[in-house]
Amino acid sequence: SGSSSSRFFRICRLTWVKTGMLPSAGIIKILCESLQKFPVKALVVDPVMVSTSGDSLSDPSTLTYYRDELFAMADIVTPNVKEASKLLGGVSLHTIADMRDAAESIYKFGPRYVLVKGGDMPDSSEAIDVFYDGKEFVELRGHRIKTRNTHGTGCTLASSIAAELAKGSSMLNAVQVAKNFVESALHHSKDLVIGNGPQGPFDHLFRLRCPPYNIGSQQRFNPDSLFLYAVTDSRMNKRWGHSIEDAVKAAIEGGATIVQLREKDIESRAFLEAAKACMDICKSSGVPLLINDRVDIALACNADGVHVGQSDISAREVRKLLGPGKIIGVSCKTPAQAEQAWRDGADYLGCGGVFPTTTKANNPTLGFEGLKAVCLASKLPVVAIGGINATNAGSVMELGLPNLKGVAVVSALFDRECVSTETRNLRSILTSVRCLA
Ligand SMILES: Cc1ncc(COP(=O)(O)OP(=O)(O)O)c(N)n1
Ligand SMILES: Cc1ncsc1CCOP(=O)(O)O
Ligand SMILES: [Mg+2]
58 SGSSSSRFFR ICRLTWVKTG MLPSAGIIKI LCESLQKFPV KALVVDPVMV
108 STSGDSLSDP STLTYYRDEL FAMADIVTPN VKEASKLLGG VSLHTIADMR
158 DAAESIYKFG PRYVLVKGGD MPDSSEAIDV FYDGKEFVEL RGHRIKTRNT
208 HGTGCTLASS IAAELAKGSS MLNAVQVAKN FVESALHHSK DLVIGNGPQG
258 PFDHLFRLRC PPYNIGSQQR FNPDSLFLYA VTDSRMNKRW GHSIEDAVKA
308 AIEGGATIVQ LREKDIESRA FLEAAKACMD ICKSSGVPLL INDRVDIALA
358 CNADGVHVGQ SDISAREVRK LLGPGKIIGV SCKTPAQAEQ AWRDGADYLG
408 CGGVFPTTTK ANNPTLGFEG LKAVCLASKL PVVAIGGINA TNAGSVMELG
458 LPNLKGVAVV SALFDRECVS TETRNLRSIL TSVRCLA
């Protein structure tokens with residue numbers, strides 16, 4: 058009826074969809090028609106055509122519909138090597154180079170991303186998948202878990218990708234988290250004995266019965282934590298006789314929701330010592346701690362993430378070093394930089410200087426217009442930075458820009474005698490703007 062289809066439409070606009078086995082051309086055709094009528098947020102297509110055990114799961118006429126209709130609507134397509142081969146007319150895929158070629162060819166059918174899964178490639182101690190975004194390839198390496206309990210791994214991976222996208226992850230991040238999840242689930246299910254078939258099922262709810270398994274961090278990035286972002290500066294701390302640890306403690310006491318150590322004038326050894334102490338402080342308050350620029354320090358103190366700018370190591374490289382579970386922020390001044398940061402697997406953008414600042418030398422001022430352009434173009438949450446203080450923070454948040462989650466502040470918090478009072482004051486200003494919104 059009219060009312061149920063409009064209800065479906067409302068639901069679909071907020072829906073992330075993953076397709077599973079589509080056994081006939083007719084079913085794919087109906088699905089494509091429905092997706093055109095009811096657009097969804099993201100479509101993950103798992104082209105289930107060949108099971109891990111080698112059985113054919115769809116009739117040959119589905120091939121054309123997959124390639125010519127459904128793939129063009131997909132955000133990501135996730136074939137295993139056997140399916141990739143079938144989609145490409147039976148080419149043989151034996152090496153990573155073959156998988157890259159296949160990803161490139163499948164990309165031409167129209168999806169925004171392709172993931173060719175190498176779990177079925179024989180004779181390797183690793184399970185290597187090839188991710189392709191139309192420009193660059195990323196090889197995602199995982200451990201191959203020796204077990205017969207692999208029934209439904211592809212289906213679980215695709216579902217997990219859709220779930221991560223729904224939580225706000227970038228595509229590469231979603232794929233990495235999903236791969237991690239499948240690997241962890243296989244590890245925890247490898248010795249289960251259920252049924253007599255060649256493959257057994259694996260346990261998706263393993264986390265309920267096991268202590269945290271340390272493949273990747275379990276901590277998720279919550280964009281709301283960008284609300285009041287305190288960024289330290291050791292020169293300012295020195296001026297007021299504050300240690301980094303005391304300054305961080307005071308900022309958290311005043312209500313900072315995330316902290317970044319931006320220490321430009323400190324020796325590495327002292328930086329790491331301070332970072333470890335700050336990690337303890339932040340952990341016990343549940344406030345994420347990021348390190349500015351220094352991936353080495355972040356790794357050594359197991360920080361929650363890293364913030365990088367346009368002249369630092371790229372977010373894509375940082376992601377490779379930190380893994381999927383950590384938070385990565387990127388400074389962006391233009392929509393093109395915002396797009397690139399998203400493609401590189403960043404979690405949030407820092408956009409500024411919104412106002413003139415003396416804290417960062419030679420930093421052009423973007424004003425509200427520059428901030429607006431980045432926020433409108435961004436697919437990631439944004440935090441505004443640069444010259445923000447108790448007098449103007451309200452006006453930034455009152456802009457009500459899409460994706461703008463908060464303000465990042467250095468001098469107005471740390472170039473002051475009482476860091477906790479300044480932070481508390483700023484927090485209450487931000488909270489009153491949020492209450493009025
Ligand atoms: C939240 C946030 N946004 C932007 C920056 C600036 O980073 P970058 O451009 O790399 O400059 P430096 O801070 O390294 O001088 C930031 N640190 N934090
Ligand atoms: C690090 C940085 N990136 C853009 S502006 C800026 C400095 C922000 O410092 P302040 O809050 O003191 O203006
Ligand atoms: Mg930097």
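In short: position in the sequence shown from 1, add 57, done, that's the numbering used here. By construction, the Cβ of each residue, glycine as well, lies at the ideal position given by its N, Cα and C atoms. These numbers were taken from a predicted model, which means no experiment stands behind them.
Endpoints, the beta strand (DSSP E) within which residue i is located
i    : result
A287 : 285 to 288
G463 : 461 to 466
F188 : 183 to 189
S388 : 384 to 388
C408 : 405 to 409
Q499 : There is simply no residue 499 to check, as the chain begins at 58 and stops at 494 in what is shown.
A441 : 439 to 442
A223 : It is not in any beta strand (DSSP E) - A223 instead sits in the alpha helix (DSSP H) that spans 210 to 223.
V431 : First-last for V431: 424 to 434, but that is the alpha helix (DSSP H), not the beta strand (DSSP E).
T121 : T121 -> not in any beta strand (DSSP E); alpha helix (DSSP H) instead, spanning 119 to 122.
A99  : 99 to 102
Ligand 2 heavy atom lying under 7 Å from the CB of residue i
i    : result
A469 : yes
K417 : yes
G175 : no
I427 : Looking at the sequence shown, residue 427 is not Ile but Gly. Every heavy atom of ligand 2 is 7 Å or more from the Cβ of G427, so no.
G77  : no
G451 : no
T414 : yes
S388 : yes
G444 : yes
G362 : no
Range covered by the alpha helix (DSSP H) that runs through residue i
i    : result
R198 : Premise fails: R198 lies in the beta strand (DSSP E), 194 to 200, not in any alpha helix (DSSP H).
G364 : The question names Gly, but residue 364 is His in the sequence shown. Not the alpha helix (DSSP H): H364 falls in the beta strand (DSSP E), residues 362 to 365.
K174 : Looking at the DSSP string, K174 is not in any alpha helix (DSSP H), and its letter there is neither H nor E.
N237 : 228 to 246
L379 : 372 to 379
Check: residue i C-beta below 7 Å from any heavy atom of ligand 3
i    : result
N237 : no
V365 : yes
D350 : yes
D353 : no
D369 : yes
Top-ranked residue by Cα proximity to residue i, from the options
i    : options                : result
C389 : I348, C432, D350       : C432
I385 : V148, Y405, H299, N420 : Y405
L79  : P104, V97, L100        : P104
A469 : L285, L456, E320       : L285
T207 : A242, E193, A287       : A242
M106 : L127, A131, P96, K143  : K143
S227 : V464, K462, W399       : W399
G298 : H200, A360, R473, K75  : R473
Y184 : V171, E193, H200       : Note that residue 184 is Ala in the sequence shown, not Tyr. Closest by alpha carbon: H200.
Cβ-heavy atom distance, residue i to ligand 1, below 7 Å
i    : result
I323 : no
R292 : no
I84  : no
A465 : yes
I202 : no
Under 8 Å, with one C-beta from each stretch per pair, do the segment 147 to 161 and the segment 171 to 178 reach the 3-pair mark?
At 8 Å Cβ cutoff, the stretches touch.
The segment 318 to 333 contacting the segment 485 to 494, beta-carbon criterion three pairs below 8 Å
In the pairwise beta carbon analysis, the segment 318 to 333 is classified as not touching the segment 485 to 494: fewer than three pairs are separated by under 8 Å.
Could you say if the segment 208 to 224 and the segment 118 to 126 meet the contact criterion of at least three C-beta pairs nearer than 8 Å?
By the C-beta criterion, the segment 208 to 224 is judged not to be in contact with the segment 118 to 126, since fewer than 3 inter-stretch pairs fall below 8 Å.
Is there contact here, the segment 417 to 435 with the segment 233 to 252, by at least three beta-carbon pairs under 8 Å?
Taking 8 Å as the limit for Cβ pairs, the verdict is that the segment 233 to 252 does not touch the segment 417 to 435.
Assess, as a yes-or-no matter, whether the segment 354 to 370 is touched by the segment 326 to 338 under the definition of 3 or more beta carbon pairs within less than 8 Å.
The answer is yes - the segment 354 to 370 touches the segment 326 to 338, with three or more Cβ pairs under 8 Å.
Are at least three pairs of beta-carbons, each pair with one atom in the segment 313 to 320 and one in the segment 286 to 297, less than 8 Å apart?
With a cut-off of 8 Å, the segment 286 to 297 and the segment 313 to 320 count as touching, because enough Cβ pairs lie within range.
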